[in-house]
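Undergrad: One structure is given below, represented as structure tokens, and several questions about it will come after.
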Amino acid sequence: MALIIKTQALKTKNRAAAHSKKLKTGKSTTSQNATSNLSLDNGTSAIVANTSLAALEKKSSPYFGLSSGNIQKNGVYFGFLPDEGDAGGTRQTMAQINSALGAKSAAYGWYAQAKSGTTFDGSQLLAVIDDVKACNCVFQPAVMPTGGWKGLTSSDNSQAIAIANVMKKFTDRGIPVWLRFAHEVNYYQTDGTYSGTASDFQAGWAVVAAACKKIAPEVKMWWTPNVADASNYAKYAPTDMSTVHLVGVDYYPKSLSTGTEFVNTMKKFHDTYAVQGRMFAIGETGIAFSGSDSDKVSWLKQILSAKSSLPNMIACAWFNFQKDFDYRIVIPGGSSLTTTVKSVLV
């Protein structure tokens with residue numbers, strides 16, 4: 416299970432069991448025109464920049480699997496990564512989060528390790544499949560290739576096939592899947608969680624994307640590096656960007672002062688990579704400091720008001736864990752913060 420420490424500064428190790436925690440660092444750079452032609456699930460297309468999400472949904476529903484009946488604010492669908500209960504927090508289900516909010520999350524994030532040399536069986540993901548199905552939301556598994564890249568190469572794609580077969584178990588049940596393969600690789604190759612180089616990641620991405628296209632073609636491939644600079648993003652971008660359906664940056668601010676940190680950090684990445692049909696979504700976020708409830712709500716509101724600046728942004732998932740910091744904004748059983756967040760989201 417993922418033990419994840421999050422800050423914006425340089426990162427240090429802090430591991431528990433098979434999961435990893437992270438410190439967050441850096442800024443985004445470079446830019447392009449973000450207007451793009453979006454290929455929708457039913458084969459139709461629409462110009463996404465400066466087009467309302469409602470208009471897009473009229474052309475194709477579900478929209479990348481997102482359901483209009485789930486939490487959405489200002490054109491941004493919103494979801495959660497429930498606490499896995501492996502690092503001091505209490506294990507959560509999405510059903511509990513949804514009950515606390517009185518509404519259904521749009522996305523469900525979860526972690527799993529694909530250990531090199533061991534065929535991936537997806538047991539960590541399959542353990543929550545019923546909770547995912549009941550949510551009627553997009554499943555966002557973060558599959559972490561730990562210990563090496565065996566079976567994730569052009570000459571041996573056996574692990575890629577295993578990953579795709581697990582994804583198919585979800586899509587066969589009608590669950591939309593956005594696969595975050597090797598998320599935050601640009602950080603995890605620096606702390607030893609992932610081995611190798613950017614080239615190893617790019618080769619692994621290529622064979623996983625190809626396996627999913629053949630075995631579980633409904634799966635959307637989602638590239639989510641850790642927050643960094645433009646040269647680092649370029650170094651770790653998948654070689655064939657046509658295999659990428661969604662892009663995003665995992666970002667946990669270490670402080671808040673301007674009220675514009677989210678857009679300022681994301682804008683250039685969005686404008687560079689959320690093009691040619693690729694959409695922009697945040698795989699995980701929260702605040703990585705001992706902030707107040709007001710700080711958490713302020714960050715939430717920054718994200719939910721970003722679409723006018725990031726027109727291809729469609730979704731965000733909040734890291735609802737209690738770990739090195741209390742990242743939670745929804746506490747099953749109720750709290751004043753949960754009540755405030757409900758008033759913002761629902």
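So the number in the numbering used here is just where the residue sits in the sequence shown, counting from 1, plus 415.
For each residue, glycine too, the CB sits at the ideal point set by N, CA and C.
What is the residue span of the alpha helix (DSSP H) that residue 509 lies within?
TA: For this step, residue 509 is matched to residue 94 along the sequence shown. Unbroken alpha helix (DSSP H) run through residue 509: 509-516.
Undergrad: From the DSSP output, read off the bridge partner residues of residue 555.
TA: Start at 1 with the first residue of the sequence shown, and residue 555 comes out as number 140. Paired residue(s): 524.
Undergrad: If residue 617 sits next to residue 611, beta carbons under 8 Å apart, how far is it from one beta carbon to the other, in whole angstroms?
TA: For this step, residue 617 is matched to residue 202 along the sequence shown. For this step, residue 611 is matched to residue 196 along the sequence shown. So it is not a contact: roughly 10 Å between Cβ atoms.
Undergrad: Here's the rule: buried if 16 or more other CB atoms are within 10 angstroms of the residue's CB, otherwise exposed. What is residue 668?
TA: Residue mapping note: residue 668 aligns to position 253 of the sequence shown, counting from 1. Counting Cβ neighbours within 10 Å, residue 668 comes out buried, since at least 16 surround it.
Undergrad: Can you look up residue 698 in the DSSP assignment and give me helix, strand or coil?
TA: As a first step, residue 698 is located in the sequence shown; it is residue number 283 there, counting from the start. Strand.
Undergrad: Do residue 752 and residue 708 have their beta-carbon atoms positioned less than 7 Å apart in this structure?
TA: Locating residue 708 in the sequence shown gives position 293, where the first residue counts as 1. Locating residue 752 in the sequence shown gives position 337, where the first residue counts as 1. Closer than 7 Å, so yes.
Undergrad: Taking residue 724 and residue 682 to be in contact with their CB atoms under 8 Å, please state how far apart those CB atoms are, rounded to whole angstroms.
TA: Here residue 724 corresponds to residue number 309 of the sequence shown, with the count starting at 1. Here residue 682 corresponds to residue number 267 of the sequence shown, with the count starting at 1. Yes, residue 724 and residue 682 are in contact; Cβ-Cβ is about 6 Å, under 8 Å.
Undergrad: Taking the alpha-carbon of residue 718 as reference, which of 481, 674, 580, 579 has the nearest alpha-carbon?
TA: Residue numbering aside, residue 718 sits at position 303 when the sequence shown is read from its first letter. Nearest C-alpha to residue 718: 674.
Undergrad: Residue 540: which of 533, 584, 663 sits nearest, CA to CA?
TA: Residue mapping note: residue 540 aligns to position 125 of the sequence shown, counting from 1. Checked all of 533, 584, 663; the closest Cα to residue 540 is 584.
Undergrad: Reducing DSSP to helix, strand and coil, say where residue 722 ends up.
TA: Residue numbering aside, residue 722 sits at position 307 when the sequence shown is read from its first letter. In this structure, residue 722 counts as coil in the three-state DSSP scheme.
Undergrad: Measuring only the C-alpha atoms, how far is residue 745 from residue 622?
TA: Sequence index remark: in the sequence shown, residue 745 carries index 330 (1-based). Sequence index remark: in the sequence shown, residue 622 carries index 207 (1-based). Each residue's alpha carbon lies about 37 Å from the other.
Undergrad: Tell me, please, which residues DSSP counts as bridged to residue 632.
TA: The sequence position of residue 632 within the sequence shown is 217, counting from 1. According to DSSP, which records beta bridges pairwise, residue 632 is partnered with nothing at all.
Undergrad: Which residues in the same chain as residue 634 place their Cβ atom closer than 7 Å to its Cβ, once the five residues preceding and following it in sequence are excluded?
TA: Locating residue 634 in the sequence shown gives position 219, counting from the first residue. Around residue 634: 582, 586, 592, 594, 627.
Undergrad: Can you have a look at residue 542 and say buried or exposed, based on whether 16 or more other CB atoms are within 10 angstroms of its CB?
TA: By 1-based counting over the sequence shown, the position of residue 542 is 127. The residue in question, residue 542, is exposed, as its Cβ has fewer than 16 Cβ neighbours within 10 Å.
Undergrad: From 530, 637, 517, 706, pick the residue whose C-alpha is nearest to that of residue 655; which is it?
TA: Looking up residue 655 in the sequence shown gives position 240. The shortest Cα separation from residue 655 among 530, 637, 517, 706 belongs to 637.
Undergrad: Below 8 Å on the Cβ atoms is my contact criterion, and I expect residue 601 with residue 643 to pass it. Report the Cβ-Cβ distance as a whole number of Å.
TA: One-based indexing of the sequence shown puts residue 601 at position 186. One-based indexing of the sequence shown puts residue 643 at position 228. Confirmed, Cβ separation roughly 6 Å.
Undergrad: Closest by CA to residue 658, which one among 639, 676, 625, 680?
TA: Looking up residue 658 in the sequence shown gives position 243. Nearest option by C-alpha distance: 625.
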